[in-house]
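Visitor: Here the protein sequences line up with chains A and B, keeping their order.
If you count the first sequence from 1, position 139 lands on 139 in this note's numbering, and the numbers rise without skipping.
If you count the second sequence from 1, position 173 lands on 173 in this note's numbering, and the numbers rise without skipping.
Glycine included, each C-beta is placed from N, C-alpha and C at the ideal position.
These numbers were taken from a predicted model, which means no experiment stands behind them.
Structure provided below as structure tokens; questions to follow.
Number of protein chains: 2
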Amino acid sequence: MEDGDATPEQRAREEAVTDAVLRSLRTTPDPRLRVVLESLTRHLHAFLRDTRLTEEEWRAGIEFLTATGQMCDARRQEFVLLSDVLGVSMQTVTINNPACAAATEATVLGPFFVEGAPEIPLGGDIAQGAPGEPCWVHGCVRDTDGSPVPGARLEVWECDENGLYDVQYDGERTAARGRLVADAQGAFRFWALTPVPYPIPHDGPVGALLAATARSPMRAPHLHFLVQAPGRRTLITHIFVAGEALRTAGDAVFGVRESLVREFLRQAPGTPTPDSRELGDRAWTRVRFDIVLAPDGA
Amino acid sequence: MEDGDATPEQRAREEAVTDAVLRSLRTTPDPRLRVVLESLTRHLHAFLRDTRLTEEEWRAGIEFLTATGQMCDARRQEFVLLSDVLGVSMQTVTINNPACAAATEATVLGPFFVEGAPEIPLGGDIAQGAPGEPCWVHGCVRDTDGSPVPGARLEVWECDENGLYDVQYDGERTAARGRLVADAQGAFRFWALTPVPYPIPHDGPVGALLAATARSPMRAPHLHFLVQAPGRRTLITHIFVAGEALRTAGDAVFGVRESLVREFLRQAPGTPTPDSRELGDRAWTRVRFDIVLAPDGA
């Protein structure tokens with residue numbers, strides 16, 4: 001039965017339940033909490049009524065949420081994954097980073113950012129022993145009016161060629177992440193690894209949901225950036241590798257924006273590197289990423 | 001910022017995220033799962049956009065859901081409590097038990113129903129040692145056309161005078177619950193306990209939510225019924241005690257319906273009982289509850 005088939009008496013009964021919950025929220029002392037809970041109540045109840053959710057489906061939902069909570073520990077945040085695969089994370093990012101002139105677009109932080117990554121000098125290598133193909137990354141941090149942002153702080157992080165971040169290995173090794181400071185012209189440059197596709201953790205309830213919807217758990221290959229400068233809105237974003245993996249597998253968390261896709265230019269073994277680093281018989285890639293920061297509060 | 005303040009470009013970006021999630025669900029093999037997930041996605045994203053949910057609020061939500069999952073174990077279902085206090089349980093009951101002529105209204109099952117309660121003869125006492133004021137309960141099970149339903153099966157359960165169900169005590173004691181069979185005229189009668197108000201478990205995340213909204217954790221005093229008969233829709237309901245507790249404390253789970261409120265008539269000590277049971281100097285109550293079952297599939 002669809003909502004439209006319900007009799008007026010039945011509709012009135014259903015509305016009465018929603019109204020009773022909304023009335024109960026009137027006592028909420030914090031006005032913002034009241035607004036959030038009222039909206040949540042309206043949308044949750046509308047979801048139930050629109051779908052005519054059965055009691056069996058309700059029970060399945062309770063069991064799914066319970067299993068999701070019980071999968072969480074210090075190293076695994078299954079509710080963040082759930083938020084990610086339903087696009088809730090990306091929608092929250094979009095709402096909180098409104099379009100602002102030519103400012104670089106934001107995307108999801110993801111679960112693998114770690115505070116206190118090592119300081120890397122400009123031109124240094126963030127890989128720190130993580131396996132993968134070398135990738136030269138360079139660009140400039142600018143304002144929306146085109147002025148350089150000298151001394152902008154950048155944090156970058158990524159998975160290795162096995163598709164794993166350092167924190168997914170046992171032990172305390174830090175690799176494939178680092179903090180850099182742009183120079184007086186806002187320019188930055190460093191060695192990293194050519195990003196590869198990898199699956200989000202999919203051995204839990206969220207993996208079961210992806211399987212039930214015949215969706216891929218793969219993330220499009222990307223390199224994470226977090227860029228900060230005084231007076232500018234903090235930018236959390238990725239750059240994505242243009243090409244096959246992006247086209248075929250898509251992105252399980254809906255993080256891709258066209259404006260963030262970059263050509264990672266393939267360099268044959270023996271091609272001279274920008275800083276004369278000797279790579280022997282290894283191929284490498286290079287990518288340029290110019291970053292535009294919105295003003296703070298924009 | 002409210003949704004209405006967003007620029008057209010910003011609105012387009014936000015809609016694009018929702019559309020990407022909806023597109024990803026097109027591969028879902030089970031058409032019903034697809035319908036449910038599409039509606040869930042639309043309502044979740046609309047909630048985020050309507051409230052302009054901040055990233056800090058999103059994190060608080062993730063932490064709340066995680067704590068709720070981690071509170072669950074074999075004896076405690078915190079997600080059912082969350083569903084209850086947001087009226088989600090009662091809305092689901094309402095949707096799945098559409099109004100049908102004079103059929104008795106349904107309400108929530110609650111977390112304290114247990115399979116395999118003891119068989120109690122008509123006129124017997126379900127208390128089985130649970131402390132509380134005796135209450136004589138009687139009535140008749142009928143069809144929507146007024147015909148008696150001979151042999152209807154009833155399950156009844158309630159808390160004791162301490163506000164606790166048997167399963168909330170340590171040990172395996174069964175008390176204040178039982179199964180009965182109506183007689184050839186559909187009539188039933190039994191001794192129970194006068195229902196008292198009690199709080200839902202409120203030492204977890206759901207209790208914190210109630211506190212943040214200045215809501216009471218109390219349930220209105222009630223006696224649970226589950227009534228089954230061949231060819232009739234199974235009825236899960238309560239009767240509520242008319243009076244002060246109902247008026248002042250309300251009901252934390254929105255289970256009360258006017259049609260389910262009954263006068264529990266107070267009887268002074270020494271008042272003769274319907275079955276000549278000897279209660280000495282104890283007061284008791286009596287209540288009549290006539291039950292009307294909808295046809296199956298109505």
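Sorted by chain position, which residues of the same chain lie with C-beta nearer than 8 angstroms to B:Arg262's C-beta, five sequence neighbours on each side aside?
Guide: As a position in the second sequence, residue 262 of chain B is number 262, starting the count at 1. Excluding positions up to five away in sequence, the list reads Ile239, Phe240, Val241, Ala242, Val287, Arg288, Phe289.
Visitor: For B:Met1, count neighbouring Cβ atoms within 10 angstroms of its own Cβ and tell me buried if that reaches 16, exposed if not.
Guide: One-based indexing of the second sequence puts residue 1 of chain B at position 1. Because B:Met1 sits at a pLDDT of 44, beneath the cut-off of 50, its placement in the model cannot be relied upon, and the point is left open.
Visitor: With a 10 Å radius around its C-beta and 16 neighbouring C-beta atoms as the bar for buried, classify B:Pro134 as buried or exposed.
Guide: Working through the second sequence from its first residue, we reach residue 134 of chain B at position 134. By the 10 Å Cβ count, B:Pro134 comes out buried.
Visitor: Short check: CB of A:Val292 to CB of A:Ala102, under 7 angstroms?
Guide: One-based indexing of the first sequence puts residue 292 of chain A at position 292. One-based indexing of the first sequence puts residue 102 of chain A at position 102. Yes, the Cβ-Cβ distance between A:Val292 and A:Ala102 is below 7 angstroms.
Visitor: Name the chain B residues whose beta carbon is nearer than 8 angstroms to that of A:Ile62?
Guide: For the purposes of this step, residue 62 of chain A is identified with residue 62 of the first sequence, where counting begins at 1. Those are Gln77, Phe79, Val80, Ser83, listed as they occur along chain B.
Visitor: Please report the residue range of the alpha helix (DSSP H) in which B:Ile62 lies.
Guide: Numbered from its first residue, the second sequence carries residue 62 of chain B at position 62. Unbroken alpha helix (DSSP H) run through B:Ile62: 55-70.
Visitor: When the Cα atoms are used, what is the spatial distance from A:Gly299 to B:Met90?
Guide: The shown model of chain A, from 1 to 298, leaves out residue 299 of chain A, and the question about it has no answer.
Visitor: Excluding the 5 residues preceding and the 5 following A:His222 in the sequence, name in chain order all residues of the same chain whose CB lies nearer than 6 angstroms to its CB.
Guide: Counting from 1 along the first sequence, the entry for residue 222 of chain A is found at position 222. Pro195, His238, Phe240.
Visitor: Taking 6 angstroms as the cut-off, is the C-beta of A:Ser83 nearer than that to any heavy atom in the ligand PLP?
Guide: Because no ligand of any kind appears in the structure shown, any question about the ligand PLP cannot be addressed here.
Visitor: Looking only at C-alpha atoms, which of A:Gly163, A:Arg177, A:Ser259 sits nearest to A:Glu155?
Guide: For the purposes of this step, residue 155 of chain A is identified with residue 155 of the first sequence, where counting begins at 1. It is A:Arg177.
Visitor: Just to confirm the assignment, what range does the alpha helix (DSSP H) spanning B:Asp50 have?
Guide: For the purposes of this step, residue 50 of chain B is taken as residue 50 along the second sequence, with counting starting at 1. Segment 31-51, the alpha helix (DSSP H) holding B:Asp50.
Visitor: Below 8 angstroms on the Cβ atoms is my guess for A:Leu235 versus A:Thr92; work out the distance and round it to an integer in Å.
Guide: Residue numbering aside, residue 235 of chain A sits at position 235 when the first sequence is read from its first letter. Residue numbering aside, residue 92 of chain A sits at position 92 when the first sequence is read from its first letter. Contact doesn't hold; Cβ gap of about 15 angstroms is too wide.
Visitor: Could one say the Cβ of A:Pro217 lies closer than 7 angstroms to chain B's Cβ atoms, at least one of them?
Guide: Within the first sequence, the letter at position 217 stands for residue 217 of chain A. Not closer than 7 angstroms to any Cβ of chain B, the Cβ of A:Pro217 fails to qualify, so no.
Visitor: If A:Gln128 and A:Ala175 are in contact, beta carbons under 8 angstroms, what's the gap, nearest whole angstrom?
Guide: As a first step, residue 128 of chain A is located in the first sequence; it is residue number 128 there, counting from the start. As a first step, residue 175 of chain A is located in the first sequence; it is residue number 175 there, counting from the start. About 5 angstroms; that satisfies the 8 angstroms criterion.
Visitor: Any beta-carbon of chain A closer than 7 angstroms to the one on B:Trp58?
Guide: Sequence index remark: in the second sequence, residue 58 of chain B carries index 58 (1-based). Yes, because at least one Cβ of chain A sits closer than 7 angstroms to the Cβ of B:Trp58.
Visitor: Counting Cβ pairs closer than 8 angstroms, one from the stretch 79-87 of chain A and one from the stretch 57-77 of chain B, do we hit at least three?
Guide: These segments touch.
Visitor: For A:Leu48, go through chain B and note every residue whose CB falls closer than 8 angstroms to its CB, in chain order.
Guide: Walking along the first sequence from the start, residue 48 of chain A turns up at place 48. In chain order: Val88, Gln91, Thr92, Ile95.
Visitor: Decide if B:Tyr198 is buried, meaning its Cβ has at least 16 other Cβ atoms within 10 Å, or exposed.
Guide: Sequence index remark: in the second sequence, residue 198 of chain B carries index 198 (1-based). Its Cβ being crowded by 16 or more others within 10 Å, B:Tyr198 is buried.
Visitor: Relative to the alpha-carbon of A:Pro150, which residue among A:Ile62, A:Gln168, A:Ala187, A:Ala16 has its alpha-carbon at the smallest distance?
Guide: Mapped onto the first sequence, residue 150 of chain A falls at position 150. Of the listed residues, the one whose Cα sits closest to A:Pro150 is A:Ala187.
Visitor: Should B:Tyr165 be labelled buried (16 or more other beta-carbon atoms within 10 Å of its own) or exposed?
Guide: By one-based count along the second sequence, residue 165 of chain B stands at place 165. Buried is the call here.
Visitor: Quick one: does B:Val17 have its CB under 7 angstroms from some CB of chain A?
Guide: Within the second sequence, residue 17 of chain B is the residue found at index 17, counting from 1. Yes, B:Val17 counts as interfacial toward chain A.
Visitor: In chain A, which residues lie with their C-beta within 9 angstroms of the C-beta of B:Arg233?
Guide: By 1-based counting over the second sequence, the position of residue 233 of chain B is 233. Within 9 angstroms Cβ-Cβ: nothing; B:Arg233 doesn't reach chain A, min ~12 angstroms.
Visitor: What would DSSP say about B:Glu161, mapped onto helix, strand or coil?
Guide: The sequence position of residue 161 of chain B within the second sequence is 161, counting from 1. Three-state result, B:Glu161: coil.
Visitor: Around the Cβ of B:Ala354, are there at least 16 other Cβ atoms within 10 angstroms (buried) or fewer (exposed)?
Guide: This structure cannot speak to residue 354 of chain B, because chain B is shown only from 1 to 298.
Visitor: Using 8 angstroms for Cβ pairs, my map puts A:His138 next to A:Arg179. What's the rounded Cβ distance?
Guide: As a working note, residue 138 of chain A is residue 138 in the first sequence. As a working note, residue 179 of chain A is residue 179 in the first sequence. Wrong, their Cβ atoms sit about 17 angstroms apart, outside the cutoff.
Visitor: Would you verify that the beta carbon of A:Ala101 is, or is not, closer than 7 angstroms to some beta carbon of chain B?
Guide: For the purposes of this step, residue 101 of chain A is taken as the residue at position 101 of the first sequence. No, A:Ala101 does not count as interfacial toward chain B.
Visitor: Which same chain residues end up closer than 6 angstroms to B:Asp19 when comparing Cβ atoms and leaving out the 5 residues on each side of it in sequence?
Guide: What you label residue 19 of chain B is simply residue 19 of the second sequence in a count that begins at 1. Answer for B:Asp19: no residue qualifies.
Visitor: In the structure shown, what three-state DSSP assignment does A:Ile95 receive?
Guide: Within the first sequence, numbered from 1, the residue matching residue 95 of chain A stands at position 95. Three-state result, A:Ile95: helix.
Visitor: Determine the DSSP secondary structure at B:Pro295, reduced to helix, strand or coil.
Guide: Here residue 295 of chain B refers to the residue found at position 295 when the second sequence is read from its first residue. Strand, per DSSP.
Visitor: Output, in chain order, the set of chain A residues within a Cβ distance shorter than 8 angstroms of B:Ala214.
Guide: Counted from its first residue, the second sequence places residue 214 of chain B at position 214. Thr27, Thr28, Pro29, listed in chain order.
Visitor: Would you call the CB atoms of A:Ala152 and A:Ala106 closer than 7 angstroms?
Guide: Indexing the first sequence from 1 puts residue 152 of chain A at position 152. Indexing the first sequence from 1 puts residue 106 of chain A at position 106. In this structure, A:Ala106 does not lie closer than 7 angstroms to A:Ala152 by Cβ.
Visitor: If you check the beta carbons only, do B:Ser24 and A:Arg215 fall under 7 angstroms apart?
Guide: Translated into the one-based positions of the second sequence, residue 24 of chain B becomes position 24. Translated into the one-based positions of the first sequence, residue 215 of chain A becomes position 215. Contact: yes.
Visitor: Straight-line CA distance for A:Gln168 to B:Asp84?
Guide: The residue given as residue 168 of chain A occupies position 168 in the first sequence. The residue given as residue 84 of chain B occupies position 84 in the second sequence. Distance between the alpha carbons of A:Gln168 and B:Asp84 is about 37 angstroms.
Visitor: I'd like the ranges of any alpha helix (DSSP H) spanning at least 4 consecutive residues and lying wholly in the stretch 73-117 of chain B.
Guide: Whole alpha helix (DSSP H) segments, 4+ residues: 78-85, 88-96.
Visitor: Looking at chain B, is there any beta carbon in it that lies within less than 7 angstroms of the beta carbon of A:Thr144?
Guide: On the first sequence, position 144 is the one that residue 144 of chain A refers to. No - not a single Cβ of chain B is within 7 angstroms of the one on A:Thr144.
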